[in-house]
Amino acid sequence: MRCRSLAAFNQVTENKTFISALLLGSALVAISPAPALAGEMPVSGVQVVAQADQGRVRFSIPAQGLENALNQFGRQAGLQVTTLGALAAGLRSPGVSGTFTPAEALDRLLAGTGLTYRFTDAGTVALSMLPQGSGPVELPPVNVQGRRGTETAWGPADGYVAQRSASGTKTDTPLSETPQSVSVVTRAQLDEQKPRQISEALRYTAGVRSEAGGLQMQHDGIQIRGFTQYAGYLYRDGTRETPGAYLGFHAPEPYNLERVEVIKGPASVLYGQSSPGGLVNLVTKRPGETPVNEVEVQGGSFERKQVAADIGGALADRVSYRLVALARDSGTQVDHVDDNRAFIAGGLTFRPGDDTTITLLLDHQRDDSLYLYGMPAAGTALSNANGKIPLNRFLGEPDFDSTYLNKTSFSALSQHHLDEAWTFRQTLRFSDHDYDSKTLYVTGLQANQRIANRNVYRRLAAARVFTADNQVEAKFETGPVGHTALAGFDYQHASLDVMTATGTGPTLDLFSPSYGAAVSIPAFNSGNDQKVAQYGFYAQDQLRYGDWILVLGGRQDRATTETYNRFTAGRTEQDDRAFTGRAGLMYQFDFGLVPYVSYAESFEPVSGTAFGGKPFDPETGRQKEIGFKFQPKDYNSFITVSAFDLQRQNVTTSDPVNTGFSVQTGEVSSRGLEFEGKAGLADGLDLIATYTYIDSEVTRSNGTDLGKRPVQSPAHMASVWADYTIRSGDFAGFGIGGGLRYIGDTYGDSTNSFEVSGFTLVDAALHYDWNSLRFSLNAANLFDKENLSCRSSTGCTYGAGRTVIGAVRYRW
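Heads up: the sequence shown begins at 870 in this note's numbering, then just goes up one per residue.
Set out below in structure tokens:
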């Protein structure tokens, strides 16, 4: 077996008030005037004034070529600046960072360039050369027009509001032309809210219950439209991170991401086997020619200490680089549970010609933490004669429990424009994983409801995973109909080695624990070598006829699993094939309203066999969705409203005839409504408002869950977030933010025998930009409100209590 021991891991250096606020935030999002050119994106830290002489402005322009520096100056000062061409060729600017008048900023930008300037009117700058031995030679006045950089689906977005995404179509497509609900969490939102993991990044996303499994630093517990996204269901740059939960748990690093994108509903047409609820696609930070230089230091609750750096820019002609690194040493709200991580990622982008881009990415991650298996419901969600189990109670043994993860991956992303119509794209990734865990978990309470019985669980896992996605895109016209056609072939293969052991462990007094009991590690009693593969052929056409948009897609998949049982020497094979389809229709009104209707399918292989040895068929998902997207022209805002009817079929349920076997007659339905709005106002106010209603039910089953609501799935969720930054004047750079998150009541087990109360949490943020520094203070769950999630009578986990993170970031 290829598992490697990681034991020597190094430590790394209620509702009324809320609904009123929600409605107010929703109205603000809908009407907020935030002028911006559609499809365009300002540089981070843009401060805009109407006239050149109106007060002081916050500038953040790194050292770079003079032409780019002046273009950024034009955007941030609100002036018109044209491309200077030969005048600026070969010249570099030292940049400027801080709060200045436009004139003071120009003095710094032009230092050492041999150029000077004067304002001929409020929006025009005349540049002059300073030849040696003579006075300035004035050039004709130059209207410097700073065109904003065009947003792409794989790059930075305009503040909180993304205009484009590739997750919903695998092409660079405006969100307003994607007939499915897609949410994007941008880098700007991540920077301001300071999430510690992916699930925290999705706290203000409609249709998503983030942190569904409570506090879990090693696992992103996410539900989308009522369906759980299990470990391994995260995608990165369009391909799957790991195949299922074979390796234990894995939580990607948010600091290395440009975007976090969520597709709502079935997505198998483009991605193959997946949950019917949707999927999360992570977009990695990539090298670019614009310099990126920052270092950030964090400290906070539970002795959190973290340092991170993001550095990149042009390395040579047609070559750029990116280096992202992070080290964290931290405790958590649970005693004896750490959150330690070492992460490093490097990237190079080559542009051998105007039509070709090749990006190479390498990253390595080491984690030291624990998965929290849960507490009994009696003492958390339910009453216990002995009182409440404390939030910080550790249920394992400090000298025994440990979990280590090592992960290394290499990716190659390439794009080549064959001509004006044809483009070829390819994404390749190879990753190597090692997982080593031993832990104690509670199996039940004794009669006194005080002493917990515990089992020992040991797991060693290793994997090598290869994924590839090859696409050909063609843009053409047939008469009055425009086409963006896509054809692709993707492939994933994983070699998995897993060994597990279970046994009886010592008991624990939950209310007065005495640690140090001897724990015997059981011998491995289960283990498999698996070869998991999937390949699929897919095709899609995005058709446009006038203001009508039609998207059609289809895919044929084959998924195989070969399993060798290390203890019985038995071999099993499973071979699943499935066809999935998709169709969506949209109409674009001139004022920015886009109604749409869509249908999508998914499939997901199911391991095991029915009575008689017949392998199970894949589970299937089918969704009908109707809604509208609204993007007011010349305003930096985006609103999506949708209604969906989602069915999960071929679910296994108990065989009524053959005891101990299962049949695939089960079904789960999820119907609901979603609202999500985001806006960025020109005066420095960013807004998010969301609401979700989900009616989820087990509609077919031979078990006791028939007619019941799935666990951890609330009927109502809502959130509001606002962040305001003063853009000019004496207090330029000061900002304050805050948000409310509401999660409704849920059921704690499959029979709905007990309820878990809903909760409303308050978040807050303060930040101040001073020259090249940003000081920030973020508090999640500011009032330390208890929040709980339960999946069974022994699987209740507290969500994060009050968590405060202070940070200092330096950019140059």
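Just so you know, even glycine gets a beta-carbon here, dropped at the ideal spot from N, CA and C. These figures come from a predicted structure and were not determined experimentally.
In or out: residue i buried (at least 16 other Cβ within 10 Å) or exposed?
i, result
"aspartate 1416", "exposed"
"proline 1048", "buried"
"valine 1677", "exposed"
"isoleucine 1674", "buried"
"glutamine 1092", "buried"
"valine 1325", "buried"
"alanine 1185", "exposed"
"valine 1334", "buried"
"lysine 1063", "buried"
"glycine 1604", "buried"
Comparing C-alpha positions only, which one of the options sits nearest to residue i?
i, options, result
"serine 1045", "Leu1462, Gly1169, Gln1295, Gln933", "Leu1462"
"lysine 1154", "Val1176, Thr1489, Val1631, Leu1230", "Leu1230"
"isoleucine 1612", "Phe1644, Thr1568, Tyr1560", "Tyr1560"
"alanine 1649", "Gly1608, Thr1437, Arg1596, Asn1394", "Gly1608"
"proline 1501", "Ala1548, Ser1381, Gly1482, Leu1421", "Ala1548"
"arginine 1105", "Trp1023, Ser1137, Ala1254", "Trp1023"
"threonine 1663", "Tyr1310, Gln1234, Asn1253, Gly1602", "Tyr1310"
"glycine 1374", "Lys1307, Gly1405, Asp1366, Arg1333", "Lys1307"
"leucine 1264", "Gly1357, Arg987, Tyr1242", "Tyr1242"
"arginine 1427", "Leu1419, Gln1062, Val1401, Leu1412", "Val1401"
"aspartate 1514", "Gln1032, Ile1091, Asn1640, Pro1145", "Pro1145"
"glutamine 1032", "Val1053, Thr1437, Phe1279", "Val1053"
"histidine 1585", "Asn1253, Ala1551, Thr1629", "Thr1629"
"arginine 1610", "Ser1622, Ala1591, Gly1617, Glu1494", "Ala1591"
"threonine 1489", "Gly1481, Asn1505, Val1537", "Val1537"
"phenylalanine 969", "Trp1639, Tyr1679, Gly1670, Leu1657", "Trp1639"
"arginine 1128", "Val1051, Asn1162, Ala1250, Ala1194", "Val1051"
Straight-line CA distance for residue i to residue j?
i, j, result
"valine 1475", "glutamine 1518", "12 Å"
"alanine 1281", "glycine 1147", "25 Å"
"valine 917", "alanine 1354", "Residue placement at valine 917 is flagged as unreliable, the pLDDT there being 28, under the threshold of 50; the coordinate-derived value follows with that caveat. So the alpha carbons of these two residues sit roughly 40 Å apart."
"glutamine 1085", "alanine 1247", "21 Å"
"glutamine 1167", "proline 1221", "39 Å"
"alanine 1587", "alanine 1196", "34 Å"
"alanine 1136", "glutamate 1655", "35 Å"
"leucine 1329", "glutamate 1122", "23 Å"
"tyrosine 1414", "phenylalanine 1345", "13 Å"
"glycine 1439", "glycine 1396", "11 Å"
"asparagine 1275", "arginine 1235", "5 Å"
"tyrosine 1667", "tryptophan 1291", "52 Å"
"glycine 1134", "phenylalanine 1497", "16 Å"
"threonine 1159", "tyrosine 1562", "42 Å"
"serine 1389", "arginine 1319", "23 Å"
"aspartate 837", "aspartate 1224", "Absent from the model: residue 837. The displayed extent of the chain is 870 to 1681, so no value can be given."
"threonine 1040", "aspartate 1410", "11 Å"
"aspartate 922", "alanine 1343", "Confidence at aspartate 922 is low in this model, with a pLDDT of 38, below 50, so its placement is unreliable and the value that follows should be read with caution. Spanning the two alpha carbons is a distance of roughly 49 Å."
"aspartate 1618", "threonine 1449", "32 Å"
"arginine 1323", "aspartate 1179", "44 Å"
"tyrosine 986", "proline 963", "16 Å"
"aspartate 1237", "threonine 1201", "12 Å"
"alanine 1558", "glycine 981", "47 Å"
"valine 1149", "aspartate 1232", "20 Å"
"isoleucine 1258", "threonine 1573", "29 Å"
Below 6 Å CB to CB, which residues in the same chain sit around residue i once its five sequence neighbours on both sides are set aside?
i, result
"isoleucine 1508", "Phe1499, Gly1546"
"glycine 1627", "Ile1612, Gly1613, Asp1614"
"leucine 1542", "Ala1512, Tyr1562"
So, at 7 Å on beta carbons, what are the nonlocal neighbours of residue i in its own chain, with the 5 sequence-adjacent residues on each side left out?
i, result
"glycine 954", "Residue placement at glycine 954 is flagged as unreliable, the pLDDT there being 48, under the threshold of 50; a coordinate-derived value is accordingly withheld."
"proline 1156", "Gly1181, Ser1189, Tyr1190, Arg1191, Gly1216, Leu1217, Thr1218, Thr1228"
"proline 1487", "Asp1445, Ala1447, Phe1472, Glu1473, Pro1474, Val1475, Asn1519"
"threonine 1441", "Thr1432"
"leucine 1575", "Val1567"
Give me whichever residues DSSP pairs with residue i in a beta bridge.
i, result
"lysine 1133", "Gly1147"
"proline 1484", "Thr1478"
"tryptophan 1291", "Ala1343"
"histidine 1233", "Ile1213, Thr1277"
"alanine 1183", "Ser1189"
"histidine 1362", "Phe1335, Ala1402"
"glycine 1496", "Tyr1465, Ser1511"
Which same chain residues, not among the five before or five after residue i, have their C-beta less than 8 Å away from its C-beta?
i, result
"arginine 1262", "Val1203, Asp1204, Met1244, Leu1379, Pro1382"
"threonine 1408", "In the sequence under discussion, the amino acid at residue 1408 is alanine, which differs from the threonine named in the question. Same-chain partners within the cutoff: Ala1354, Leu1355, Ala1356, Gly1357, Gly1422, Gly1423, Arg1424."
"glycine 1477", "Pro1484, Phe1485, Thr1521, Ser1531"
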